[in-house]
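Participant: Got a structure for you, questions after.
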Amino acid sequence: MADQGWDTGEIAYLADIQHPFEYKSEAQVNKTETENLFYNFLSSYRDSDDTFYYRDLLRRQYNSGNYFVTVNLEHLSKVNEILANNIIENPTEYLPLFENAINRAVDEMTRPRPPTAPFKPLQLTISSDQNPIPIRELDAQHISKLVKVPGIVINVSSVKAKATIIFLACKNCGNTKRISLKSGFSGINFPRRCDREPIGGEEDRCPLDPYEIVGDKCTLVDQQVLKLQESPEMVPTGELPRHVLLSVDRFLTNTVMAGSRVTTVGIFDIYQNSTFKSKSDLTTRTPYIRVVGFMHDKEEDGRGHLNYSSEDETLFIALSKLPDIYERIARSISPTILGSVDIKKALACLLFGGSRKRLPDGLKLRGDINVLLLGDPGTAKSQLLKYVEKMAPVAVYTSGKGSSAAGLTASVIRDPASRDFHLEAGAMVLADGGVACIDEFDKMRESDRVAIHEAMEQQTISIAKAGITTILNSRTSVLAAANSTFGRWDDSPGPEQNIDFQATILSRFDCIFIVKDTYDEHSDSVILY
1 MADQGWDTGE
11 IAYLADIQHP
21 FEYKSEAQVN
31 KTETENLFYN
41 FLSSYRDSDD
51 TFYYRDLLRR
61 QYNSGNYFVT
71 VNLEHLSKVN
81 EILANNIIEN
91 PTEYLPLFEN
101 AINRAVDEMT
111 RPRPPTAPFK
121 PLQLTISSDQ
131 NPIPIRELDA
141 QHISKLVKVP
151 GIVINVSSVK
161 AKATIIFLAC
171 KNCGNTKRIS
181 LKSGFSGINF
191 PRRCDREPIG
201 GEEDRCPLDP
211 YEIVGDKCTL
221 VDQQVLKLQE
231 SPEMVPTGEL
241 PRHVLLSVDR
251 FLTNTVMAGS
261 RVTTVGIFDI
271 YQNSTFKSKS
281 DLTTRTPYIR
291 VVGFMHDKEE
301 DGRGHLNYSS
311 EDETLFIALS
321 KLPDIYERIA
331 RSISPTILGS
341 VDIKKALACL
351 LFGGSRKRLP
361 DGLKLRGDIN
371 VLLLGDPGTA
381 KSQLLKYVEK
391 MAPVAVYTSG
401 KGSSAAGLTA
411 SVIRDPASRD
421 FHLEAGAMVL
431 ADGGVACIDE
441 FDKMRESDRV
451 AIHEAMEQQT
461 ISIAKAGITT
471 ILNSRTSVLA
481 AANSTFGRWD
491 DSPGPEQNID
501 FQATILSRFD
511 CIFIVKDTYD
521 EHSDSVILY
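Numbering-wise (UniProt numbering), the sequence shown opens with residue 1 and increments by one.
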């Protein structure tokens, strides 16, 4: 490694690496010294196996054609805590220096290169173990700081080209001007006058607004706009879920889809909305996040997951060896509700889920269990749904009367600014990897119930609207509660007269429980007292 400059005092510089970040001021930080600190961290950090972690990672990413590298802030904090804190407090200034150091290191490692293979700079992405901040707690004190925000991506735009360097040419004299733009939702203010000094007096001065963009000389990167919404379990009762716009660029585009649960690491920034409804809007700004990293909150199979300690795992193994573990788990589900033992056992199976299978011909069999509770009112069906929603790591609760087909699956809406169509995920997509609890299932319109047929069996939602054709994942268990046709269960006409559902929807439920409120003085007194 010595011949590559890692272990010597010499420092090689990579010239003119372009990036979409913005420098603030020359006086705020000694850029060369700070960049050298980042460079030293990359060259000297060792992991638990005593190997040079980032040396190997940089070489592996570049050689495989993945031109991005993810750095964990906790690794940097072990080496230089002040530098890691500076990234959190002033990311707009320090992240470009870190990215320059990465590209310097990669440039040294990949020399000599053939003339036909020019150097391709890497994008820096960040991961962090710091405590996340809910969307509703983001305020003015977080502006221009690095934040970590969890949520669900409910809206994904198409990828567009964003200019980071613009070349302008004067239409009158041909004078050129180079302007750098920062990433995110920043725009450009065109200079009104040409920079060329008039030679023959004021008569030789160029007219106002002489510049036009030279498109073939501009530097462009991919940009995508996402909408991140609070997870349903994080929304206080009676409150509406809040959301924030995300701006992603370069290799972070097309890495998430609608319904994905992610933890976003980015710079909390502001932009000026283009629509002004009053004079006060001129002084207000709309917040958004410039994303520098994504951390997915699901396993590869789509299931939501939690982190457990080694002590928890030891306890789980001990519990699994108990002969009555099934009954224990069933009794622990909503213990304030007396009886309903079989229903609670089915809910335990629903919460744990089964194993998805892939057949030799490529077909998939779902492992998620669907349960329908059908019967009399006042039998704690809704309470069981609420308990499952609270216990499941990923869960969405909705009521049948207030749910439409688009609200359950996905809707296509038009962005008022760009006039482009994009998808917005519904309840079944948001519950991907978890449980969708649908109360008052019988109050839904038949056309809306038909919309979830595919989601319950194939666990996908196919969309073909407004020129958008795609398939979204809805790998979720469905727990539904409904009343019988007559309000209360009536045994005299037969079961088929009490169930007002088509066979196509009933066949998609693995367990159907008829819940009756029988008149029994003893059981009623036990429940009462």
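Ideal Cβ placement from N, Cα and C applies to all residues, glycine included.
Keep in mind that this is a model prediction, so the values were computed, not measured.
Considering only the beta carbon of each residue, do A395 and C349 sit closer than 8 Å?
Facilitator: Position 395 of the sequence shown, counted from the start, is the residue given in the question as residue 395. Position 349 of the sequence shown, counted from the start, is the residue given in the question as residue 349. Result no, Cβ atoms of A395 and C349 do not sit closer than 8 Å.
Participant: If you follow the alpha helix (DSSP H) that Q383 is in, where does it begin and where does it stop?
Facilitator: Position 383 of the sequence shown, counting from 1, holds the residue named residue 383. Q383: member of the alpha helix (DSSP H) spanning 381-391, first to last residue.
Participant: Using the three-state DSSP reduction, which class does S127 fall into: helix, strand or coil?
Facilitator: As a position in the sequence shown, residue 127 is number 127, starting the count at 1. Strand at S127.
Participant: DSSP on C218, reduced to helix/strand/coil?
Facilitator: Here residue 218 corresponds to residue number 218 of the sequence shown, with the count starting at 1. Coil at C218, not helix or strand.
Participant: Hey, how far is the Cα of K177 from the Cα of C206?
Facilitator: To locate residue 177, count along the sequence shown from 1; it is residue 177. To locate residue 206, count along the sequence shown from 1; it is residue 206. Cα-Cα distance, rounded: 14 Å.
Participant: If you run the structure through DSSP and keep just helix, strand and coil, what is N85?
Facilitator: The residue given as residue 85 occupies position 85 in the sequence shown. Three-state DSSP puts N85 in a helix.
Participant: From G9 to M109, what does the alpha carbon distance come to, in whole angstroms?
Facilitator: Against the sequence shown, residue 9 aligns to sequence position 9. Against the sequence shown, residue 109 aligns to sequence position 109. Bear in mind that the predicted position of G9 carries a pLDDT of just 37, short of 50, making it unreliable; the figure below should be weighed with that in mind. Here the C-alpha atom of G9 lies approximately 16 Å from the C-alpha atom of M109.
Participant: At which residues does the alpha helix (DSSP H) containing I317 begin and terminate?
Facilitator: Within the sequence shown, numbered from 1, the residue matching residue 317 stands at position 317. Segment 310-320, the alpha helix (DSSP H) holding I317.
Participant: Can you tell me the Cα-Cα spacing of T92 and G266, whole angstroms?
Facilitator: The sequence position of residue 92 within the sequence shown is 92, counting from 1. The sequence position of residue 266 within the sequence shown is 266, counting from 1. Each residue's Cα considered, the two are about 10 Å apart.
Participant: If you follow the alpha helix (DSSP H) that N40 is in, where does it begin and where does it stop?
Facilitator: Along the sequence shown, read from residue 1 onward, the residue named residue 40 stands at position 40. Its alpha helix (DSSP H) spans residues 31-44.
Participant: Under 6 Å Cβ to Cβ from R55, same chain only, skipping five residues before and after it: list those, please.
Facilitator: Residue 55 sits at position 55 when you count from the first residue of the sequence shown. If we look at R55 and ignore the five residues flanking it on each side, it has no Cβ neighbours.
Participant: Under 7 Å Cβ to Cβ from M234, same chain only, skipping five residues before and after it: list those, please.
Facilitator: As a position in the sequence shown, residue 234 is number 234, starting the count at 1. Closer than 7 Å at Cβ, skipping near neighbours: P134.
Participant: Can you give, in chain order, each stretch of the alpha helix (DSSP H) that sits fully within the stretch 336-364 and has at least 4 residues?
Facilitator: 341-352
Participant: For a test of the three-state rule: what should DSSP assign to I463, helix, strand or coil?
Facilitator: Mapped onto the sequence shown, residue 463 falls at position 463. Residue state, collapsed to three classes: strand.
Participant: Can the beta-carbon of E81 be found closer than 8 Å to that of D129?
Facilitator: Taking the sequence shown and counting its residues from 1, one reaches residue 81 at position 81. Taking the sequence shown and counting its residues from 1, one reaches residue 129 at position 129. Their beta carbons are not under 8 Å apart, which means E81 does not touch D129 by this criterion.
Participant: Could you tell me if D49 is buried or exposed, where buried requires 16 or more neighbouring beta carbons within 10 angstroms of its beta carbon?
Facilitator: If you number the sequence shown from 1, residue 49 lands on position 49. Its Cβ having fewer than 16 others within 10 Å, D49 is exposed.
Participant: Please work out which residues of its chain come closer than 8 Å, Cβ to Cβ, to A27, disregarding the five sequence neighbours upstream and downstream, and give them in chain order.
Facilitator: Within the sequence shown, residue 27 is the residue found at index 27, counting from 1. Annotation note: pLDDT 42 at A27 (below 50); position unreliable, coordinate value reported separately. Contacts found: none.
Participant: Where does Q272 fall in DSSP's three states?
Facilitator: Counting from one through the sequence shown, the residue named residue 272 turns up at place 272. Here Q272 sits in coil by DSSP.
Participant: Is the distance from the Cβ of G259 to the Cβ of A425 below 8 Å?
Facilitator: Locating residue 259 in the sequence shown gives position 259, counting from the first residue. Locating residue 425 in the sequence shown gives position 425, counting from the first residue. In this structure, A425 lies closer than 8 Å to G259 by Cβ.
Participant: Kindly confirm or deny that the stretch 187-197 and the stretch 137-155 touch, where touching means at least three C-beta pairs closer than 8 Å.
Facilitator: no
Participant: Distance check for D324 and T253, CA to CA, integer angstroms please.
Facilitator: As a position in the sequence shown, residue 253 is number 253, starting the count at 1. As a position in the sequence shown, residue 324 is number 324, starting the count at 1. Their Cα atoms are separated by approximately 49 Å.
Participant: Excluding five sequence neighbours on each side, which residues of the same chain lie with their C-beta closer than 8 Å to the C-beta of Y457?
Facilitator: Position 457 of the sequence shown, counted from the start, is the residue given in the question as residue 457. It should be noted that the sequence gives Glu, not Tyr, for residue 457. Within the same chain, E457 has close Cβ partners R366, R508.
Participant: For V371, list the residues DSSP reports as bridge partners.
Facilitator: Within the sequence shown, residue 371 is the residue found at index 371, counting from 1. DSSP, once it has assigned bridges, lists L479, C511 as partnering V371.
Participant: What's the gap between the Cα of M444 and the Cα of N483?
Facilitator: On the sequence shown, position 444 is the one that residue 444 refers to. On the sequence shown, position 483 is the one that residue 483 refers to. Taking the Cα positions, M444 is about 12 Å away from N483.
Participant: Tell me the DSSP secondary structure of V262 in three-state form.
Facilitator: Within the sequence shown, residue 262 is the residue found at index 262, counting from 1. Three-state DSSP puts V262 in a strand.
Participant: L374: which of W489, V292, L228, T336 sits nearest, CA to CA?
Facilitator: Mapped onto the sequence shown, residue 374 falls at position 374. Out of W489, V292, L228, T336, W489 has the C-alpha closest to the C-alpha of L374.
Participant: Tell me, which residues are paired with M295 by DSSP?
Facilitator: Working through the sequence shown from its first residue, we reach residue 295 at position 295. DSSP, once it has assigned bridges, lists T263 as partnering M295.
Participant: Taking 6 Å as the limit between beta carbons, can you name the residues of its chain near N59, skipping five residues before and five after?
Facilitator: As a working note, residue 59 is residue 59 in the sequence shown. As written in the sequence, residue 59 is Arg, which differs from the Asn given in the question. Correct list, in chain order: M109.
Participant: Is the distance from the Cβ of I289 to the Cβ of F513 below 8 Å?
Facilitator: By 1-based counting over the sequence shown, the position of residue 289 is 289. By 1-based counting over the sequence shown, the position of residue 513 is 513. It is not a contact, given that the beta carbons lie outside the stated cut-off.
Participant: Which whole-angstrom value is the C-beta distance of I154 and I213, which I expect to be below 8 Å?
Facilitator: Taking the first residue of the sequence shown as 1, we reach residue 154 at position 154. Taking the first residue of the sequence shown as 1, we reach residue 213 at position 213. Their Cβ separation, rounded to whole angstroms, is 34 Å, which puts I154 and I213 out of contact at 8 Å.
Participant: Which first and last residues belong to the alpha helix (DSSP H) in which L95 is found?
Facilitator: Here residue 95 corresponds to residue number 95 of the sequence shown, with the count starting at 1. Unbroken alpha helix (DSSP H) run through L95: 91-109.
Participant: Keeping to the same chain, check which residues put their C-beta closer than 8 Å to that of L220; ignore five residues upstream and five downstream.
Facilitator: Stepping through the sequence shown from its first residue, residue 220 is reached at position 220. So the list reads A161, K162, A163, T164, once near-sequence residues are dropped.
Participant: Taking DSSP's pairing of strands, which residues face T398 in a bridge?
Facilitator: Counted from its first residue, the sequence shown places residue 398 at position 398. According to DSSP, which records beta bridges pairwise, T398 is partnered with I438.
Participant: Would you mind stating whether V371 and L408 have Cβ atoms separated by less than 8 Å?
Facilitator: Residue mapping note: residue 371 aligns to position 371 of the sequence shown, counting from 1. Residue mapping note: residue 408 aligns to position 408 of the sequence shown, counting from 1. Against a cut-off of 8 Å, the Cβ pair of L408 and V371 comes out as no contact.
Participant: Among all the DSSP beta bridges, which residues are the ones paired with P150?
Facilitator: On the sequence shown, residue 150 is found 150 positions in, with the first residue counted as 1. Beta-bridge pairing links P150 to T263.
Participant: Suppose you measure from the CA of N36 to the CA of V71; what does that come to, to the nearest Å?
Facilitator: Within the sequence shown, residue 36 is the residue found at index 36, counting from 1. Within the sequence shown, residue 71 is the residue found at index 71, counting from 1. C-alpha separation (whole angstroms): 16 Å.
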